[in-house]
Amino acid sequence: TQSTELAKAHYTSRYACLRPCPMECPNQQLVQQLGIIRCSRELEGKDTSALSYERAISVLKSYPYPLTPSKLTEVSKLPGIGEKILSKITEYINEGNIKESQAIAGSSRYQSLCAFTTVYGIGASSARKLYDSFGLRTIGDLTEHYNSLPPPASRHDGNGRILTPAPTLSIKDALALRADLNETIPRTEVDMMHSVVVAELEKIRPGCLNTIVGGYRRGKVESNDVDIVITHPALSSGSNQVMGLCETLVNRLYKRGLVTHVMHLSGFHPPDALRTSNWDTLEKALTVFILPPVSGSRRIHRRLDLIFAAPETYWTAVTGWTGSKMFERDLRLWAKERGMKFDSSGITRRRDSKQYFPHSEEDVFAILGLECIAPTLRNA
Ligand code: DCP
Ligand code: MG
Numbered sequence: 144t145q146s147t148e149l150a151k152a153h154y155t156s157r158y159a160c161l162r163p164c165p166m167e168c169p170n171q172q173l174v175q176q177l178g179i180i181r182c183s184r185e186l187e188g189k190d191t192s193a194l195s196y197e198r199a200i201s202v203l204k205s206y207p208y209p210l211t212p213s214k215l216t217e218v219s220k221l222p223g224i225g226e227k228i229l230s231k232i233t234e235y236i237n238e239g240n241i242k243e244s245q246a247i248a249g250s251s252r253y254q255s256l257c258a259f260t261t262v263y264g265i266g267a268s269s270a271r272k273l274y275d276s277f278g279l280r281t282i283g284d285l286t287e288h289y290n291s292l293p294p295p296a297s298r299h300d301g302n303g304r305i306l307t308p309a310p311t312l313s314i315k316d317a318l319a320l321r322a323d324l325n326e327t328i329p330r331t332e333v334d335m336m337h338s339v340v341v342a343e344l345e346k347i348r349p350g351c352l353n354t355i356v357g358g359y360r361r362g363k364v365e366s367n368d369v370d371i372v373i374t375h376p377a378l379s380s381g382s383n384q385v386m387g388l389c390e391t392l393v394n395r396l397y398k399r400g401l402v403t404h405v406m407h408l409s410g411f412h413p414p415d416a417l418r419t420s421n422w423d424t425l426e427k428a429l430t431v432f433i434l435p436p437v438s439g440s441r442r443i444h445r446r447l448d449l450i451f452a453a454p455e456t457y458w459t460a461v462t463g464w465t466g467s468k469m470f471e472r473d474l475r476l477w478a479k480e481r482g483m484k485f486d487s488s489g490i491t492r493r494r495d496s497k498q499y500f501p502h503s504e505e506d507v508f509a510i511l512g513l514e515c516i517a518p519t520l521r522n523a
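Residue numbers (full-length UniProt numbering): 144 to 523.
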């Protein structure tokens, strides 16, 4: 832990990791309309433009006052608010909506690409290819297309070893489970899923520490998936013990019928995986989970991510997986600009490769020279 003074959090900061940001902001409508433009840029592969919108939206989400014409001067000086985006904001303030957002939302191309990317495993570039090269337009078209393809090869690590008996989630499977996987998960169900997982974990390795991270930890009322970071005080980092725990738990959940699919396990990277960049080196299992049957109630397939860390990297894992994505991106950037490297798997000082082992989340922020922002204010 460093003794230097910590950088103060404020809504005008250039870094998302220094901007307290609630789940719902006073300008939610504007944020939603700009979000349509951002999403369309991303779907069209215009990543630089998408990122500028994402940055501007993030800054606006932290702005604590409802926007009125008299606030425009201040807003124009906020970091990440360029001329183009300022003109959209002005338009919104004067007209109550943004023409471009409405045009995009009404376009059939945007609607198709959006629908395609609701299928797990289909990213923006695949969606464009399906639309442009194969002429597909609807989920029905997609289903027909994938039903006509041969099933994917089974999954091995580099040495031909099958990593888990659980099937991976092919696009065909993802299409069949689309309704389930697109249904959001209420907090009570996140808690139930967590209890079931922890009960199984306790049977194979008593005394584990764990935290539900992701949107749930930031206060999201409805999550798209459940993310849990796990460690055990006696795990040693240099060995295969962390990987062993990950595999043992996943295989146990699979045998009990609680995990139905495993999309990624440890070092295994499927060729068309989502979010392939920016991965840390932690052991993780990206799975489809289903709660045990309860008479009379429908069982819904849910996305469950289990992340395993050695005790030394537990708190960086918790911080790195709490999000939001923009918050995490700027934590890395902030660290980098100060000669440090931060990711979920640890903190390192670049000049001498000194590693830090934080003992709490506050410690993670303190090592990086940052005031600690509560998880519920990390929605930048
Ligand atoms: N994360 C990250 N970089 C990645 C993957 C994850 O920084 N490549 C972090 C930021 C995310 C958190 O992990 O907030 C969990 O990722 P999710 O995709 O599960 O996103 P959320 O939990 O924030 O929202 P939800 O699951 O409701 O969509
Ligand atoms: Mg999540």
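All C-beta atoms in this analysis are idealised placements derived from N, C-alpha and C, irrespective of residue type, glycine included.
Under three-state DSSP, which class holds residue i?
i: Cys160; result: helix
i: Ala152; result: coil
i: residue 583; result: Nothing in the structure corresponds to residue 583, since the chain is present only between 144 and 523.
i: Lys363; result: coil
i: Phe277; result: coil
i: Asn290; result: helix
i: Asn170; result: coil
i: Pro349; result: coil
i: Lys497; result: strand
i: Leu320; result: coil
i: Gly178; result: helix
i: Asn421; result: Residue placement at Asn421 cannot be trusted, given a pLDDT of 49 that sits under 50; what the coordinates show is reported in the next sentence. Asn421 falls in the coil class under three-state DSSP.
i: Leu215; result: helix
i: Glu234; result: helix
i: Thr147; result: coil
i: Glu187; result: coil
i: Glu514; result: coil
i: Arg441; result: coil
i: Leu378; result: coil
i: Ser201; result: helix
i: Val262; result: coil
i: Ser250; result: coil
i: Gly466; result: coil
i: His502; result: coil
i: Glu390; result: helix
i: Ala309; result: coil
i: Gly239; result: coil
i: Leu194; result: helix
i: Leu476; result: helix
i: Tyr206; result: coil
i: Arg271; result: helix
i: Ser255; result: helix
i: Ser409; result: coil
List the residues that DSSP assigns as beta-bridge partners of residue i.
i: Pro222; result: For Pro222, which the question treats as bridged, DSSP gives no partner whatsoever.
i: Pro329; result: Glu365
i: residue 533; result: Any question about residue 533 goes unanswered here, given that the chain covers just 144 to 523.
i: Met483; result: Arg492
i: Arg446; result: Asp368, Val431
i: Ile373; result: Asn353, Phe451
i: Glu426; result: Phe451
i: Arg521; result: Cys164
My understanding is that residue i touches residue j, with C-beta atoms under 8 angstroms, so please give their C-beta distance in whole angstroms.
i: residue 527; j: Val372; result: Summary: the structure shown does not reach residue 527, with the chain confined to residues 144 through 523, and so no result is reported for it.
i: Val262; j: Leu186; result: In fact, because the Cβ distance is near 14 angstroms, the residues do not count as touching under 8 angstroms.
i: Met483; j: Leu511; result: 6 angstroms
i: Ala258; j: Ile224; result: Wrong, their Cβ atoms sit about 31 angstroms apart, outside the cutoff.
i: Leu392; j: Leu449; result: 7 angstroms
i: Glu343; j: Leu396; result: 6 angstroms
i: Pro329; j: Pro454; result: So it is not a contact: roughly 32 angstroms between Cβ atoms.
i: Leu388; j: Arg445; result: At roughly 22 angstroms, the Cβ-Cβ gap does not stay under 8 angstroms, so Leu388 and Arg445 are not in contact.
If we ignore side chains and look at the alpha-carbon of each, how far apart do residue i and residue j end up?
i: Ala428; j: Ser488; result: 15 angstroms
i: residue 95; j: Arg399; result: With the chain running from 144 to 523 in the structure shown, residue 95 is simply not present.
i: Asn240; j: Tyr196; result: 16 angstroms
i: Val437; j: Ile443; result: 11 angstroms
i: Asp190; j: Leu203; result: 20 angstroms
i: Ile247; j: Val174; result: 15 angstroms
i: Glu355; j: Val339; result: Note on residue identity: the sequence assigns Ile, not Glu, to residue 355. Between Ile355 and Val339, the C-alpha separation is close to 13 angstroms.
i: Tyr457; j: Glu480; result: 24 angstroms
i: Gln254; j: Gly278; result: 14 angstroms
i: Phe500; j: Asp316; result: 41 angstroms
i: Thr462; j: Ser251; result: 39 angstroms
i: Gln245; j: Tyr235; result: 12 angstroms
i: Ala322; j: Thr403; result: 16 angstroms
i: Glu226; j: Leu194; result: 15 angstroms
i: Leu215; j: Ser409; result: 48 angstroms
i: Ala309; j: Pro294; result: 15 angstroms
i: Leu229; j: His502; result: 42 angstroms
i: residue 539; j: Leu161; result: Here the chain has residues from 144 to 523 only, and residue 539 is not among them.
i: Ala478; j: Met406; result: 31 angstroms
i: Ser192; j: Glu345; result: 47 angstroms
i: Ile516; j: Ser183; result: 31 angstroms
Are at least three pairs of beta-carbons, each pair with one atom in the stretch 166-173 and one in the stretch 216-225, less than 8 angstroms apart?
no
Is there contact between the stretch 272-288 and the stretch 352-371, where contact requires at least three CB pairs shorter than 8 angstroms?
No contact exists between the stretch 272-288 and the stretch 352-371.
Does the count of Cβ pairs from the stretch 376-394 and the stretch 280-293 closer than 8 angstroms reach three?
no
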